[in-house]
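2 protein chains.
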Amino acid sequence: MPDKWLVGVDLGGTTTKLAFINTYGEIIEKWEIPTDNSELGKYITVNIAKSIDQKLEELGQIKQNLLGVGMGAPGPVHYETGVILNAVNLGWEDNFPLKDLLEAETSLPAAIDNDANCAALGEMWKGAGNGAKDLVCITLGTGVGGGVIAGGNIVQGVNGAGGEIGHITAIPKGGAPCNCGKTGCLETIASATGIVRLAKEELAKTNASGELKDRLDQNGSLTAKDVYDCARNGDMVAAKVVDEVSFHLGLTLANIANTLNPAKIVLGGGVSKAGDRLLEPVKRYFDQFAFRPVRKSTELALATLGNDAGVIGAAWLVKKHSEHL
Amino acid sequence: MPDKWLVGVDLGGTTTKLAFINTYGEIIEKWEIPTDNSELGKYITVNIAKSIDQKLEELGQIKQNLLGVGMGAPGPVHYETGVILNAVNLGWEDNFPLKDLLEAETSLPAAIDNDANCAALGEMWKGAGNGAKDLVCITLGTGVGGGVIAGGNIVQGVNGAGGEIGHITAIPKGGAPCNCGKTGCLETIASATGIVRLAKEELAKTNASGELKDRLDQNGSLTAKDVYDCARNGDMVAAKVVDEVSFHLGLTLANIANTLNPAKIVLGGGVSKAGDRLLEPVKRYFDQFAFRPVRKSTELALATLGNDAGVIGAAWLVKKHSEHL
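Those protein sequence lines, which keep their order, are chains A and B.
In this text, residue positions in the first sequence follow my numbering: the first is 1, and each later residue adds one.
In this text, residue positions in the second sequence follow my numbering: the first is 1, and each later residue adds one.
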């Protein structure tokens, strides 16, 4: 089917990314539409279907050219039924039957998975995974998401909660509260939000001046990028925060690797734009805490697909799905 | 093939367990032979082959009745080739070609895996797993072993080190040295050896008298059973040790469950003979540290097969293998 296309959709809270992707994982065309969450999400799938039809017309293509549509969605997804179990962040109803609605509106076979899982599949297929079939992907963004791939398949978990790496308890006693109701989750430390929180707490504890303090005073706020930039420039407070984040990430990833010994652990998401300044200190702690045969074989790497990982992984879902039809 | 048998072998450092098992996982006959580790292990497979032939003769059966032989071996195994990568504990040569030798001596198809993985497969097939295809098994014995099953298959890991749960770093700073070269591994806390070490350290720190102190004074040594027995009887030092072990086990298992959300986590090995006195406090910490959807779906359970898990799991290996021939 070399001339047939897959549709990859990455559904975000404010923007929905779409792409036509061939069966070799090459993006033919990509575009975005706003996500309309009004009226409990009732326009979501209609808007996607209309946008696909419109783009086909623009490109002078026909719908028969499309093999199906894959979608990554934020929140826990029941993979077999394609139902979003809990869409509270989106303001939709719980148990939203996304796959059925998408199939009805587009008249195409559909496959849905969690967005972090789609990013992991994308990196496995065309990104840093480089074809590795045993792969863990961790997305460091506003929150911390994860996808675990064993033998080429996503580990969904019995309740769809496989890969919830952001909710690994990193600080068992006295950790910060997490949105999930626990305390000390990795997400409270290694997300962009967590890094900024740690930086502000550290600044509040000290009288030291420095670049990080200056940026906070000037802008009234900080970003994770500020913290990594200032650490690179020698700011001591920023360096301390980077060390704390690296310690917890390195320890957590080493313990995941001690359990699964994957070929690769791929770090993606906005925070990963810090590149080697993120990766190198995490690697040092990883090496300290990984079992020797694991340290010698599990590789840490930066994601390479950036924002395209989601649509490519979503296309992989439907490619796999269509091969089983 | 209801009238054909599988041979399950559980190779231990001092004793080798063997069993004829039908394709429904029912043990027809089980027996043991001493493990002869002399001359770098050269008699291991010959002795197993002879013992199988002898037992067949005793039972008036012929070799054509056997589908193949599966074996669990201590140490890291390269699953495809059936080579034991490192057999330093056994006194054999490294890269010992166990599968090839076993096939040559028995004239039967063979399949080899790590002993902790075989125990996990046994519990999945006929034990506490109750058929669950996503299962983590942890063996609390002299050391701490583990087996991770995803989608019915063992997660071998890229370097054969999948499931090395005993070498998860539980105490990142100031932990006790582990045989693996790291410090603070779960094995240094939750193995029988680790529990006894903690108990002795705790007794040395305190002047308190009590049953645990009395047992140590009387016998000159302690066992993990002593610690659990004394805790049940109200000994404060023993209760403190049990709480520490439970905290680290509960936290580690919760974090594994946050990553994989398996249907079950099964606790086996000698320490698990403490039964609910092991399980209940571990569950309390597990509930504290597990992500809510995981807490509601991943079940902790005690292993049910005892010493038979290894031979039954080994038989499963060769059953699966023979179905692919």
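Note that the Cβ used here is the ideal one computed from N, Cα and C, for glycine as well.
Simplified DSSP assignment, three categories, for residue i
i: B:PRO109; result: coil
i: B:THR183; result: strand
i: A:THR142; result: coil
i: B:PHE291; result: coil
i: B:THR252; result: helix
i: A:LEU59; result: coil
i: A:PRO74; result: coil
i: B:ALA303; result: coil
i: B:THR23; result: coil
CB of residue i within 8 Å of CB of residue j, strictly
i: A:CYS368; j: A:ALA150; result: Any answer about residue 368 of chain A is impossible in this case: the structure gives chain A only from 1 up to 325.
i: B:ASN117; j: B:GLY163; result: yes
i: B:GLY122; j: B:GLY313; result: yes
i: B:ALA73; j: B:ASP115; result: yes
i: A:GLY127; j: A:ALA303; result: yes
i: B:ILE52; j: B:THR16; result: no
i: B:ILE27; j: B:LEU6; result: no
i: B:ASP94; j: B:LEU101; result: no
i: B:VAL271; j: B:GLY129; result: no
i: B:VAL282; j: B:GLY250; result: yes
i: A:ALA161; j: B:SER297; result: yes
i: B:VAL241; j: B:GLU299; result: no
Min CB distance residue i to chain A below 8 Å
i: B:THR297; result: In the sequence on display, residue 297 of chain B carries Ser and not Thr. Yes - at least one Cβ of chain A is within 8 Å of the one on B:SER297.
i: B:ASP287; result: no
i: B:ILE165; result: yes
i: B:ALA119; result: no
i: B:VAL158; result: yes
i: B:VAL294; result: yes
i: B:ALA150; result: yes
i: B:ALA161; result: yes
i: B:LEU59; result: no
i: B:LEU251; result: yes
Neighbour flag for residue i against chain B, beta carbons, 8 Å
i: A:GLU323; result: no
i: A:GLU93; result: no
i: A:ASN255; result: yes
i: A:GLU244; result: no
i: A:PHE291; result: yes
i: A:ASN207; result: no
i: A:ASN261; result: yes
i: A:LEU317; result: no
i: A:ASN373; result: A question about residue 373 of chain A goes unanswered here, because the residues of chain A that appear run from 1 up to 325.
i: A:LEU140; result: no
i: A:VAL155; result: yes
i: A:THR169; result: yes
Length of the line joining the Cα atoms of residue i and residue j
i: B:GLN288; j: A:GLY174; result: 13 Å
i: B:GLN64; j: B:LYS264; result: 37 Å
i: A:GLY68; j: A:VAL311; result: 13 Å
i: A:GLU187; j: A:GLY269; result: 13 Å
i: A:MET1; j: A:LYS319; result: Note that A:MET1 scores a pLDDT of 43, beneath 50, so its modelled location is shaky; the value from the coordinates is reported in the next line. A:MET1 and A:LYS319: Cα-Cα distance of roughly 11 Å.
i: A:ASN332; j: A:LYS133; result: Here chain A has residues from 1 to 325 only, and residue 332 of chain A is not among them.
i: B:GLY184; j: B:ALA204; result: 20 Å
i: A:PRO262; j: B:ALA110; result: 26 Å
i: A:HIS113; j: A:GLU323; result: A small fix is needed here, since residue 113 of chain A is Asp in this sequence, not His. Taking the straight line from one Cα to the other gives about 17 Å.
i: B:MET71; j: B:LYS4; result: 18 Å
i: A:GLY157; j: B:SER191; result: 27 Å
i: A:VAL196; j: A:ASN233; result: 17 Å
i: B:HIS321; j: A:ILE168; result: 36 Å
i: A:GLU29; j: A:ALA19; result: 6 Å
i: B:GLU280; j: B:THR193; result: 21 Å
i: B:ASN47; j: B:ASN153; result: 30 Å
i: B:LEU317; j: B:GLY91; result: 25 Å
i: A:GLY147; j: B:ALA315; result: 32 Å
i: B:ALA176; j: B:ALA231; result: 23 Å
i: B:THR35; j: B:LEU11; result: 7 Å
Outcome for residue i when other beta-carbon atoms lying within 10 angstroms are tallied against a minimum of 16
i: B:TRP31; result: exposed
i: A:ARG284; result: exposed
i: B:TYR79; result: buried
i: A:TYR228; result: buried
i: B:ILE62; result: exposed
i: A:GLU103; result: buried
i: A:LEU260; result: buried
i: A:SER246; result: buried
i: B:LYS99; result: buried
i: B:ALA309; result: buried
i: A:ASP235; result: buried
Residue-level contact to chain E via CB, residue i, 8 Å cutoff
i: A:CYS180; result: The structure shown contains no chain E; its protein chains are A and B.
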